[in-house]
Every structure is written in structure tokens, then in C-alpha cells.
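Going down the list, the sequences are from chains A and B. If you use our numbering, the first sequence corresponds to residues 1 to 280, in order. If you use our numbering, the second sequence corresponds to residues 1001 to 1371, in order. Heads up, the beta-carbon is just placed ideally off N, CA and C, and yes, glycines get one too. Written out below as C-alpha cells is the structure these notes cover.
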Amino acid sequence: MTTPAKVENTVDSLLRLDRMPHIWCPGCGIGPAVGCFIRAIESSGLDPDKIALVSGIGCTGRVAGYVKLDSFHTTHGRALPFATGLNLANPELNVVVFSGDGDLLAIGGNHLIHAARRNIDMTVICLNNFNYGMTGGQMGPTTPLDARSNTSPYGNVEPPFNVPYLVAAAGATYVARWTVIHARPLEWAIAEALTKPGFSFIEVLGPCPTLYGRMNKMGRGLDSLHQYREKSVVRDGADPRDVAIVNDGPIIVGKFVDIDRPTFADRCKLVVERAQKKGK
Amino acid sequence: MNGDVACAEGAVSAGCRFFAGYPITPATEVAERMSERLPEVGGVYVQMEDEIASMNAVLGASWAGLKSMTATSGPGFSLMMENLGLGVMLETPCVLVNVQRAGPSTGLPTLVAQGDMMQARWGSHGSYEIIALVPSSPQDMFDLTITAFNLSERYRVPVLIMADEAVGHMSEKVVIPGIAPQDLIVRPRPKHRAGRYLPYEADGDLVPPMAIAGEGYRFHVTGLTHDERGYPTMTAEAQDRLVRRLTDKIRLNIDDILRYEEIATEDAEVVVCAYGITARIARLAVQQARGEGIRAGLLRLVVVWPFAENRIRELARQVRGFVVPEINYGQIVLEVERCAGGKARTLLVPHMGGGVHEPQTILEAIREAAQ
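Have a look at this one:
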């Protein structure tokens, strides 16, 4: 009998192992998404010393605390404007925002559309678990219609955002959606987003078996992953208008937007040139 | 130039290279001037979607190594309170200018008040100390903006410039001196090797050295209560240690931070304690009182927070009374009264805002206090 070759765990080198165990529940989708992020940093060849990671508040907001980069755990919804300041003050930094759907789309929704509109050079990884986990499973702007939560005990009355459509309409130059079972495509998408100038946004669907999954009788985390596999349809280049997540419909995944336009920092350079020419 | 423009010029002279803001009367001219001046010196002006975003962008820019600031007025100041707290918690040098107008709420957007003085001290949640400066003239707007950046870098704390509409919109001659590099303080910087640096390990002066993003330290900072490593630590002990240090780094350095001016206080029986535009009017009232034979003096607060407790306590042993004119219904007077400790009378001369005091109303209070 031969022992299998030891697989080198390179993810550990970018984790703060002195902070383990982490706070995430068994079956949570955040951990696998973080794994994809770290592997994407490695495969992109970027220097981790030049990456700044910013999170807001919530379960996904804790990502900044576990990844060994210059990392900022900010206030609820405010990761994007904080990251905007980092990027504009030092455009050489590769700025990543890793936060949750409630953080980025509810309290941070205004910042999201404006960061996309300005085309700030950053990568946003939005872990969508369809509810507020940290506070105990309340509905939010991504919770599907009629879904149960601790603040929608009779079913959610609000229609959710079609997230890729929202950010594409606001001006994002790269928009993709994957689930946490799409480990390789997700890793490749993050690597692509990290190396692409402009505002890149990746929606990552991940289970919350402790709260959203339990309240909606979706079983364990693994059962949600089976659901993702059964319901996911890869459709690169799909019109973002057509990728809304609707009850009993397919989950459209893939890369929806990949365009180029000048970033805010590019335009700032022009402004500096104009201002300095004026003085001469 | 007007006070708002002088403030922007002071910022540029202080080395500020990042401004994030949102237009609001009567602070807009600060933003307008910065949008013109910063590109000339290679800096960045960004107009954010609101004041919440502005404050955050300022913090982010500071962590990327630039001196950064924002300017606003009452309604925007309220929105900035959330992340002023984050600035305190992360110990982020930056400057926040509030050109005060009359409130509550939208109030009198184009007219003067000094109604945000207690908000400056207590506006964000939790226990903390803050530094707040109050200019009385456009020249002050220039000079104190430089002082604000220096104090902010020295103590790693957001510094507030609590101007008012009158000073912001008043046009006077402003002398712009040459600023030598040694006039500008730069935040304490780590000399550690990567892996040895603890972001919140402070030595005797309680101000830890500050790394910036991209230097290879791979540090973590959080708005949660944290230990020296910057790691969240959810215990009463960690909370005690952190809040004491954040507070004590200001309290124990109060002699270095405090600034005030005194006129004719040596023999005073009545001291008018005033700040901002009101201090200029109070000066006139003090002269008039002297003309009437009342030994009046003026204590003009330049740094309002931390408060000049010891000086007020000393004066309380000497004077019959304090007169506190302010364009609100009683804020700083509460501090004066607390420090006077019953040893001297304290008379408030309030003005609800929309205008400034008549010297006569302050003079009448001086007469009453002298009796």
C-alpha cells in the first residue's frame, strides 16, 4: 500500500493561523470562498504585500481578520468608501473588498453603486448567503420573496435585488457570479478580477445552514451545495437583466460583464496634469 | 480670503494631499478650494456620495499614508459621527472641519451657530477623548488647520476644527508663512522587521507607531475592541486596557495639546470665557467693561477639547464670576460651571443662532457677574 503524496497546503501561508478556530459555523459558505480567494492570489502572481483587504461588518466581515494581508475590519456597510480612500491615496495598492450581501447591498448599497459608477480600481467579493447571519438570521435585500427569516416569519414580502444587474447598470467593468461549489471557476474569476483594472464585482452564493437554511428547510450545508449543483447553469456573457435569482428557477452563474473603461485614478492623473499645466 | 479658503490653504501647507467631501453650506468653499489646489500639488480630491462615505474615504487614505481631511457642517457632521468613532478606534490621523451653522436638523443653513460643541465631544458612541480646535478668524483657519494636522499625526487621533459660519465666510487678510519641514509633525512610524510589528503596542507616550498599507507588515486593524496585535478581543479586560489608553493618550498629554489666549486676566474679577467668532465680540465687551472700571478679562479657548480644566479651576479661585457667551443654549458653559466647582458664579449668555451676540449683552452679563 502506498501513502498518497502529501498535498501541500499553501492556503495556510495567507491565513492568520493564530486566530483559528474561526467563528464560522459548520457548513458555512464563507470558508470555501476564502480558500478560493487565497488560491486566486497565489495563481495571480500578485505580491501579497501590495494587497489591502477591507471588510465591513457581519459574518463575511470577519474575513479581513483571518487573511494575512494588510487588512481592515471597518464599520457596517462602509468597506467600499474606506477602500476608495486606500486606492486613491495609493493606486499601486491592489484593494479588495470582501464582505456580505447585507453589508454591501443594504447599508452599503449607496456606496456600492457610486464605487461602481466611479470605476474605482478594486475587486469586490460579495458573499451572498441570503440573510443577516451575525445578528441571527434576519431578511435583507437579497432574501428571496416569501423566504422565512427571523424578521419575515410569514414569508418575505420584499423582492430581492438582481445583484449582477445592479452593479453592471451602475458601471462595474467586471461582473461574475459563482457559488462556493464552483471552486475552480470562482478561483479563476477572482484571479481575473484581481488583475483587471477597474471595478470588479463577484457575487458568491454560499449556504448559511444554521439560519437561512434551517428556517427554509434546506437541510445541512452539504444539501445546499447539492442544490447549487443541480440548479446552476453556466451562462458566460448572459445579459445581467436575465440572471435574477427567482424561486424554483435556475441559478445562472458565469462571467456576465468584462469591459474596459478608464478608472477614477486614471482620470485623476489627467486632472493633475491639467492643473499643473495651468500653473506654468 | 475667507475663512473656508484659508482653511484649505492651511491644509495644503500642512501637507494634506487627500480630501473627500460632500457639498454643504457653509463649508462648501473648503471643498471647492481643495478641488482646485490638490491637483496642483499632485493630491486627490474626491467628492463622495455622502458624508458617511467622505469620512471613510479620509480614513482609508490616511491608512495609505496621505494626510487627509474632510469639511462639513451640522447635518453632515451628524453623518460623520459613525466613522469618527472608527477613526478614534483605529487611531487614524485625519482632520475634520465643521463650519457650524444653526440647527437642529436643517436649521439655518447659511447662518452662524456654535451648536455642535458637545456633539464634537460626545457625538460618536462610546467613551473616548477627541481634540477640537476653534478658530476665530481666517488667519486662525489657516494656522489652526496646520496645528490640527500636527496634533492629529502626533497623537493618531481625528482632530476637529470647530469653525462657524461667520469665521468661515468672513474675508480678512491672511498671511501665508513659509512652512519648513520641521514645522510639520509626521505620525510615529514603525521600525520593526515584518512579523515583529504589533499595530497597537505603545510605549510610554501611549501612541503606537503606525504602519501604512503596502509596506509588508500585513497588519490587521478593526473597529472591534482589540489587543496589541490588532486582533478582536471580546473581554472586559481588553476593553478596559484599550479605552484607557485611547483616552489617556490625550488626557495625559493635555499640556502639549491645550491652547488658549488670555487678555487682562491677571487682575480680573470677571472672566469671559469664549471661543470662535464669539471671542472677538467678547473682547470688545471686556474693553468696554474695563472702561467702566470693571476688572474684566478674556479667556479665549483655542483648543476646546480636551477642556482647559486646570486653568478654569485656577481662575475660579480668583474671580467672582465667569461669563460664557456662546451661540447655542448652553454647552461649554456646563464645562466652565463644572470646573468652577461653585467657587465662582457662571453666567451663560446664549444666542440661539442665526446671528452673533451684541457686545452689549455680554457687557451686561459682565456687570452682573461683577456685583
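Count the other CB atoms within 10 Å of the CB of residue i; is the residue buried (16 or more) or exposed (fewer)?
i: glutamate 1261(B); result: exposed
i: leucine 270(A); result: exposed
i: isoleucine 120(A); result: buried
i: isoleucine 1366(B); result: buried
i: glutamine 1182(B); result: exposed
i: tyrosine 1329(B); result: exposed
i: glycine 1168(B); result: buried
i: alanine 1236(B); result: exposed
i: histidine 73(A); result: buried
i: leucine 194(A); result: buried
i: tyrosine 154(A); result: exposed
i: valine 233(A); result: exposed
i: histidine 1357(B); result: buried
i: isoleucine 1332(B); result: buried
Taking 8 Å as the threshold (C-beta atoms), are residue j and residue i in contact?
i: alanine 324(A); j: glutamate 203(A); result: This structure does not reach residue 324(A), given that chain A is present from 1 up to 280, and the question cannot be answered.
i: threonine 1278(B); j: glutamine 1139(B); result: no
i: phenylalanine 37(A); j: phenylalanine 82(A); result: no
i: leucine 1086(B); j: threonine 1070(B); result: no
i: alanine 1008(B); j: methionine 1034(B); result: yes
i: threonine 1222(B); j: proline 1232(B); result: yes
i: leucine 86(A); j: histidine 111(A); result: no
i: cysteine 1273(B); j: leucine 1301(B); result: yes
i: isoleucine 1185(B); j: leucine 1160(B); result: no
i: leucine 1363(B); j: glutamine 1288(B); result: yes
i: glycine 108(A); j: tyrosine 132(A); result: no
i: threonine 1092(B); j: proline 1199(B); result: no
i: asparagine 1056(B); j: asparagine 1098(B); result: no
i: alanine 1020(B); j: threonine 1145(B); result: no
i: glycine 206(A); j: glycine 213(A); result: no
i: valine 243(A); j: isoleucine 252(A); result: yes
i: valine 1324(B); j: alanine 1344(B); result: no
i: glutamate 1040(B); j: alanine 275(A); result: yes
i: glycine 35(A); j: tryptophan 24(A); result: no
i: phenylalanine 130(A); j: cysteine 208(A); result: yes
i: histidine 1217(B); j: alanine 1194(B); result: Residue identity differs from the one stated: residue 1217(B) is tyrosine in this sequence, not histidine. Yes, the Cβ-Cβ distance between tyrosine 1217(B) and alanine 1194(B) is below 8 Å.
i: histidine 1192(B); j: serine 71(A); result: no
Could you tell me which residues DSSP pairs with residue i in its beta bridges?
i: cysteine 1381(B); result: Look at the range of chain B in this structure, 1001 to 1371, and you will see that residue 1381(B) is not part of it.
i: tryptophan 1305(B); result: Ala1132(B)
i: cysteine 126(A); result: Ser99(A) and Glu203(A)
i: tryptophan 178(A); result: Val204(A)
i: threonine 1222(B); result: His73(A)
i: asparagine 1002(B); result: Ser1171(B)
i: leucine 1108(B); result: Ala1102(B)
i: valine 34(A); result: DSSP lists no partner for valine 34(A).
i: aspartate 258(A); result: Tyr174(A)
i: alanine 52(A); result: Asp70(A) and Val95(A)
On a CA-only basis, which of the options is nearest residue i? Give me that one, please.
i: glycine 1342(B); options: Val1303(B), Arg1313(B) and Arg1367(B); result: Arg1313(B)
i: valine 96(A); options: Arg16(A), Pro26(A), Pro209(A) and Ile125(A); result: Ile125(A)
i: proline 144(A); options: His76(A), Met215(A), Leu80(A) and Ala170(A); result: Met215(A)
i: arginine 1347(B); options: Val1336(B), Gly1354(B) and Ile1052(B); result: For the record, residue 1347(B) in the displayed sequence is leucine; it is not arginine. Comparing Cα-Cα distances from leucine 1347(B) to each of Val1336(B), Gly1354(B) and Ile1052(B), the minimum goes to Val1336(B).
i: threonine 1265(B); options: Ile1327(B), Ser1171(B), Arg1295(B) and Glu1358(B); result: Arg1295(B)
i: alanine 1061(B); options: Asn90(A), Ala244(A) and Pro48(A); result: Asn90(A)
i: lysine 50(A); options: Ala1064(B), Ser1152(B), Gly1003(B) and Asp1203(B); result: Ala1064(B)
i: serine 1068(B); options: Ala1344(B), Ser1152(B) and Gly1204(B); result: Ser1152(B)
i: aspartate 1050(B); options: Gly1076(B), Glu1032(B) and Val1058(B); result: Gly1076(B)
i: valine 1303(B); options: Met1048(B), Leu1079(B) and Ala1132(B); result: Ala1132(B)
i: glycine 1276(B); options: Phe1149(B), Ala1163(B), Tyr1128(B) and Phe1219(B); result: Ala1163(B)
i: glutamate 1029(B); options: Ser1105(B), Ser1171(B) and Leu1079(B); result: Ser1171(B)
i: cysteine 1094(B); options: Ile1257(B), Leu1038(B), Val1058(B) and Thr1147(B); result: Val1058(B)
i: alanine 1369(B); options: Pro1306(B), Val1286(B), Asp1255(B) and Met1352(B); result: Val1286(B)
i: valine 1088(B); options: Gln1371(B), Val1243(B), Phe1307(B) and Gly1355(B); result: Val1243(B)
Exercise for the section: Just list the beta strand (DSSP E) runs in the stretch 1125 to 1168 of chain B, keeping only unbroken ones of 3 residues or longer that don't cross its boundaries, in chain order. Expected result: 1131 to 1133 and 1158 to 1164
Exercise for the section: Let me know the beta strand (DSSP E) ranges lying completely inside the stretch 66 to 90 of chain A, each 3 residues or longer, listed in chain order. Expected result: 70 to 73
Exercise for the section: Can you check the stretch 1219 to 1295 of chain B for any alpha helix (DSSP H) of at least 4 residues that lies completely inside it and give the ranges in chain order? Expected result: 1236 to 1251, 1254 to 1257 and 1277 to 1291
Exercise for the section: Would you list, in sequence order, the uninterrupted beta strand (DSSP E) runs of no fewer than 3 residues that lie entirely inside the stretch 1302 to 1348 of chain B? Expected result: 1303 to 1305 and 1321 to 1326
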